[in-house]
Each structure stands twice: as C-alpha cells, then as structure tokens.
Amino acid sequence: MLNDCCVSDCTRYEIDNYYDSVISCVTNASHVCLPTRQVAPMRDYVIPGWNEHVSDKHKIARDAYLAWAALGRPRSGPEHWLMKRTRAQFKLALRYCKQHEQSIRSDMYAQALTSKDYKKFWRDIRKSTNSRSTVHAESVGGCHGDTAITDMWCNHYNQLYNSVCDTANRESVMQRIEKLAGECHKSEIAFTISDIAEACVKQKRGKAMGLDCVAMEAFMYGGHRLYVHLCMLFNMFLKCGYVPDNFMKCVIVPLVKCKTGDLNDVNNYRAISISTSISKLYESVLFSFIKKDDYFDAYQFGFTSGSSTSICTNILKHTVDEYTQGGSHVFVGFLDFSKAFDKVNYWKLFHKLLDDSVNVSVVRLLAYWYSNQHVCIRWRDNLSQFFTLGNGTRQGGGLSPWLFARYIRDLLSSVVNSKIGCNIGGVFINILAYADDIVLLAPSWRGLQSLLDVVVQQSTAIDLSLNVRKSVCMVFRPRERSKVVLTSFPCLNAGGNSLQYVSSFKYLGHIINDCLRDDDDIQREIKNMFVRTNILKRKFAKCSQVVKVVLFKAYCVCLYDASLWNYFNIGSVNKLR
Numbered sequence: 000m001l002n003d004c005c006v007s008d009c010t011r012y013e014i015d016n017y018y019d020s021v022i023s024c025v026t027n028a029s030h031v032c033l034p035t036r037q038v039a040p041m042r043d044y045v046i047p048g049w050n051e052h053v054s055d056k057h058k059i060a061r062d063a064y065l066a067w068a069a070l071g072r073p074r075s076g077p078e079h080w081l082m083k084r085t086r087a088q089f090k091l092a093l094r095y096c097k098q099h100e101q102s103i104r105s106d107m108y109a110q111a112l113t114s115k116d117y118k119k120f121w122r123d124i125r126k127s128t129n130s131r132s133t134v135h136a137e138s139v140g141g142c143h144g145d146t147a148i149t150d151m152w153c154n155h156y157n158q159l160y161n162s163v164c165d166t167a168n169r170e171s172v173m174q175r176i177e178k179l180a181g182e183c184h185k186s187e188i189a190f191t192i193s194d195i196a197e198a199c200v201k202q203k204r205g206k207a208m209g210l211d212c213v214a215m216e217a218f219m220y221g222g223h224r225l226y227v228h229l230c231m232l233f234n235m236f237l238k239c240g241y242v243p244d245n246f247m248k249c250v251i252v253p254l255v256k257c258k259t260g261d262l263n264d265v266n267n268y269r270a271i272s273i274s275t276s277i278s279k280l281y282e283s284v285l286f287s288f289i290k291k292d293d294y295f296d297a298y299q300f301g302f303t304s305g306s307s308t309s310i311c312t313n314i315l316k317h318t319v320d321e322y323t324q325g326g327s328h329v330f331v332g333f334l335d336f337s338k339a340f341d342k343v344n345y346w347k348l349f350h351k352l353l354d355d356s357v358n359v360s361v362v363r364l365l366a367y368w369y370s371n372q373h374v375c376i377r378w379r380d381n382l383s384q385f386f387t388l389g390n391g392t393r394q395g396g397g398l399s400p401w402l403f404a405r406y407i408r409d410l411l412s413s414v415v416n417s418k419i420g421c422n423i424g425g426v427f428i429n430i431l432a433y434a435d436d437i438v439l440l441a442p443s444w445r446g447l448q449s450l451l452d453v454v455v456q457q458s459t460a461i462d463l464s465l466n467v468r469k470s471v472c473m474v475f476r477p478r479e480r481s482k483v484v485l486t487s488f489p490c491l492n493a494g495g496n497s498l499q500y501v502s503s504f505k506y507l508g509h510i511i512n513d514c515l516r517d518d519d520d521i522q523r524e525i526k527n528m529f530v531r532t533n534i535l536k537r538k539f540a541k542c543s544q545v546v547k548v549v550l551f552k553a554y555c556v557c558l559y560d561a562s563l564w565n566y567f568n569i570g571s572v573n574k575l576r
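Residue numbers for the sequence shown follow numbering that gives the first Met the number 0, so the first one is 0 and each next one is one higher.
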C-alpha cells in the first residue's frame, strides 16, 4: 500500500483516517484526565481573592436562586427574601475584591513567600505582569476594528510568505529527490518507540495549544501504548512523504516587539507561529536525523546551547581590543538583513540538506510539509482565512532555528575561507553571527570592503537582501595616537549603497562606541534600572517590603553582563552603585 514513488489517494485517505483516530482518542482522554486550562478570553473574569472571600457566598446565592426559580419566581415570601439577601452578600464580597484587588494580590505574594511556595509566587507574578500589549492597539496599519485588522494582517503575511517564487529550484529538488530515492533503498530510516519517548521527555509543559486544541501534556503523559501508535503514524509519514492537512495547519499571532513603541506600526510586530502539539513532537523526532554539525557553526552564536549574546559581544570586544592595543585600526560592519527568517527559500534550503547527506525520505517529507502548510492569522479573538506559505521559516517551530542557521552557513564559510580580516592565533575572527545579526571585522578599509562584497554575493545567492538603512560601519583607532593613519575614511559600499559611519551602536543589547569605552553601556544599564524600578513601584506599590526586595533583586539587578566592562570612568560605576 505504501509506495515510495507516489502516494495514492487511497493511501492518503488511510493515513488521514488513522491520524484523525489517534487525535480523537487523545482529545477524549485529555478531557477526562487533564485539567482544563483557563482560556484567554476569560482572563478578565479572574478575580483575586475569589476563593477566600467570594466562592462560598457565590455557591449559597446560586443555590438560593435555583430554589427560588424552581418555585416559579415568587415576588414575596421566604424564598424571595433569602434569594435577595444571599445575592446582596455575594455582590458585596465581589465588590470588596474588585476594590481591594492590589491589596489582595500583595497578601497572596507575601503569603507565598512566607510559606516558601516560590513556584506559586512566581506563577502569580507572571500572571499579573503578562498582559498583552495588543489589547491596547485600537488601529494597526491604518485599519480600525478587530475584523479589519485581522484581514490586514492576513494580506500582509500572505504577501510576505509568498514573496519568493523559485520554480526552477523546486523542480530541481524534486528530480534530485526522485533520483536519490531510487538509489538509497538500503539506507531507509525508521523511528523507534524510544525515539518517541525521548522526544516527549524533551517537550515543555504549559505551551500554547494549536488549532486542534490538544495540549502537549497529552502526549508527554500518554504512556507506552500511545507511543506505539505515534511511532507507527510517524513512520507512515516518513515512508510516504505525506502528512495530513490538519497536521500542518497552524496559526500566526502578531506580537509587539517594543511595548513602548508605536502600536499602530506594522513593523513593530513579529509573527509567532503556533503549531499543533503533534507537529512539534514530530519536529523534535526529526531533529536528530536532520542536524549535521560543521566547523563553521562555531561562528553562529544564536540557537546554540551554552551560548549567549554576552559571549558573542565579548569576542567582538576582545578582538578589537587586541588589534587596537597592537597599533592597528579595526573596521567593523554591523549588518542587518530585511525579513531574513521570512524570506528563506525552501528549495535552496532542501538542496543544502541533500548536500549534507540528510536522508532523502526526511527531505521529501519536509518538502511536502513546508510547501503545503496552511496558516491563518489570529488577532485577539478573530481568525482569518487560511493561506499557504511559499517561503520563510516559522518562528516558533522546533526545526526553524537550526534550518535558518544551516541556510546561512555557506555565507559564514565563504567569509571565513576568504582569509581576509582579523586573525588571532591563526584563527580567523572576521565574522560573528547571532541569528541574522552579522558583524564583519577587518584591520583595513579594503579588507572590510572585500568582506562586504563576499556577503552581498552570498546573500543574493540565497535571496536575502541587506537593509542598508540599518547596516552601519565603525572604525576603532589604535590606542597610541602616533599610530593613527587617518581620522576619516571613504564610505564603504554594499551592493551599490554606501554604509554610514557611526561613533556608537547598540549591538545585542550593549552599546559599543568607537573608543571601546563602556561608560555609555553603564549609563544604559542605569536607565534600565530606573525604568524597571519605576515599573516595580507602580505595579507592586502595596506589597510588603519583603516582596519588593525579592522582585527588585530579580527584575532590577540584572548585572550578569557587567563582566564585559573593561574601560570606564570610576564615576560611571559610582553612579550605578
């Protein structure tokens, strides 16, 4: 029944039925065994202190009302009097909770700390501070009303995620898959039950549910019998290179980038995809069969375990410091790409996976999955129509970070292999990448220009466009003034556009200036501390001193990157202190 070359309609029908049966069983079992979650539209009805002050009075008032209604709703008598009295007591308690909401919340925080229930304490803190900024957006992109805004987002993302059309590479990939599939029958892979169990262990609880309304916990605690069915189902997908339509459906939620920015600006939002839980689980299973390590991944600090923005920034600053102390200029280019994640060309990506000797069955499955997935837009409580995705990695998908890193690996390797730029101990440190934030380093103007030419050529080959308005250059002068060659240099060129020279730039959250001094970065940390402290005072004004101290240490004293400060005035540190 399972044909490697093509999948018949009968086979697809059988797979769809089996998938629907598994999801139906999981859904029914979840309703019986798992506690229901509080859905987002009901969050306005969560009253602090309900269980302590209102719950018992609400039950008494409801019982009295039902008894009064059962007697025909009389307008007088003891039942009518009891119904009115219990309702009044209930409303009085409810009004008390609403009027003293902050005080009740403060008592809850203090009680959780006193009883050392830190899990409950931080859960309550997150609930009280995680209000969505989109609630306050009355208009976006010139559209007013939830329905109009939803349609606007649908058109916007439909155009963005179908902006790359590459029929030639699509046909080339399919021909290559068909050819390799006929040659590699002996190298077929199959998932085991242990693979499913290990993937379930790696999943996180409390994540948002997809359109099928099945929580990840249903699979995590489904047990061995469920793992058997998932193993059979996943192997069917892999064998046939096919997944059901309901499996691929996901919803895109626009989230605000900067909450203090313009909520009406379309560019102030990023798209987060919420897939079905079973597709997230499948991505986790596929990950070990797709990921191939390479030497040049060391230059990619994003999406890497044990790495961080501070490590990437530290290498940048130490490289510049090494050259400037040695009497050399350092030319640095901070590059920004327009919609880098959203413009990934699927078919060029699949070519790269095949070049890495990824199993052809896996690539064939991804090719069908990514080219046939359907998404809709959710804005508040509105859902748009479905549309297909022709390009881009889904932000929020399990495979998306590594697929993007693989997509730009050839760009990184071309720069490193050019052997142009900064070199320390025989290792070229001429490019540093954190996701799509790329930095080029060279000890000469001509060297940086050559690196820019390489980047422009490689980015054009993978359909990425450099954003020249946000891409800038910086010149670091030698520490000894006698070794300064020039104070001004010609403009650098990237794809026919001149890049602007700047004296300071905010890179990965840290302010870097051309003197390599950290006073501006310390001042940034001082301003952030003031902002966080004012937020703490506004939201937790009625909390006890113990609660405020705990929150101050957690929210305001975030100095884990202070080790990056090497050159600064003692006055700046005294201000921070």
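Note that CB positions come from ideal geometry on N, CA and C, so glycine has one too.
Predicted, not measured: the structure shown is a model, and the values here were computed from it.
Three-way DSSP call (helix, strand, coil) for residue i in this model
i      : result
Cys557 : coil
Asn579 : The chain is shown only over 0 to 576; residue 579 falls outside these bounds and no answer can be derived.
Lys482 : helix
Asn381 : strand
Ala66  : helix
Ala136 : coil
Ile46  : coil
Leu439 : strand
Phe386 : strand
Asn492 : strand
Asn512 : strand
Tyr406 : helix
Phe589 : As shown, the chain starts at 0 and ends at 576. That puts residue 589 outside it, with no answer to give.
Lys56  : helix
Ala196 : helix
Met41  : Bear in mind that a pLDDT of 43 at Met41, under 50, signals an unreliable position, so the number given afterwards is only what the model happens to contain. If DSSP states are grouped into helix, strand and coil, Met41 belongs with the helices.
His79  : helix
Gly397 : coil
Ile376 : strand
Phe340 : helix
Pair within 9 angstroms by beta-carbon distance, residue i and residue j
i      : j      : result
Met473 : Phe504 : yes
Gly492 : Gln448 : The question names Gly, but residue 492 is Asn in the sequence shown. Result yes, Cβ atoms of Asn492 and Gln448 sit closer than 9 angstroms.
His328 : Phe427 : no
Trp368 : Asp165 : no
Ser20  : Ala214 : no
Val172 : His350 : yes
Ile277 : Leu229 : yes
Asp462 : Val343 : yes
Ala460 : Ala339 : no
Leu232 : Tyr17  : yes
Leu575 : Phe551 : no
Contact set for residue i: own chain, Cβ-Cβ below 6 angstroms, skip 5 residues either direction
i      : result
Trp564 : Asp517
Lys291 : Asp355
Pro47  : Glu100, Ile103, Arg104
Ile511 : Phe504
Ser399 : Thr392, Arg393
Leu81  : Ala63
Burial state of residue i, where buried means 16 or more other Cβ atoms lie within 10 Å
i      : result
Asn358 : buried
Ile525 : exposed
His509 : buried
Asp62  : exposed
Lys238 : buried
Cys590 : This structure leaves residue 590 out entirely; the chain is present only between 0 and 576.
Trp152 : buried
Pro442 : buried
Lys279 : buried
Ala39  : In this prediction, Ala39 scores a pLDDT of 49, lower than 50, which makes its location untrustworthy; no coordinate-derived value is stated.
7 angstroms Cβ shell around residue i - same chain, five flanking residues per side excluded
i      : result
Tyr160 : Asp341, Leu388, Gly389, Asn390, Gly391
Asn466 : Asp335, Phe336, Ser337
Tyr268 : Pro253, Leu254, Val255, Lys256
Asn573 : none
His57  : Phe89
Tyr156 : Ile251, Ala270, Ile376
Bridge-paired residues (DSSP) for residue i
i      : result
Pro253 : Ala270
Gln499 : Val471
His350 : None; His350 has no bridge partner.
Gln299 : Ala432
Phe427 : Asn422
Contacting residues, own chain, Cβ-Cβ under 8 angstroms from residue i (five flanking each side not counted)
i     : result
Arg42 : Unreliable placement is indicated for Arg42, whose pLDDT of 48 sits below 50; the coordinate value is still reported in the next sentence. Closer than 8 angstroms at the Cβ level, and outside the excluded window around Arg42, lies no residue.
Val53 : Ile46, Phe89, Ala92, Leu93, Cys96
Arg86 : Ala60, Ala63, Tyr64
Any non-hydrogen atom of the ligand GTP closer than 8 angstroms to residue i Cβ
i     : result
Tyr12 : Absence of the ligand GTP from the depicted structure is noted, as is the absence of any ligand whatsoever, leaving it without description.
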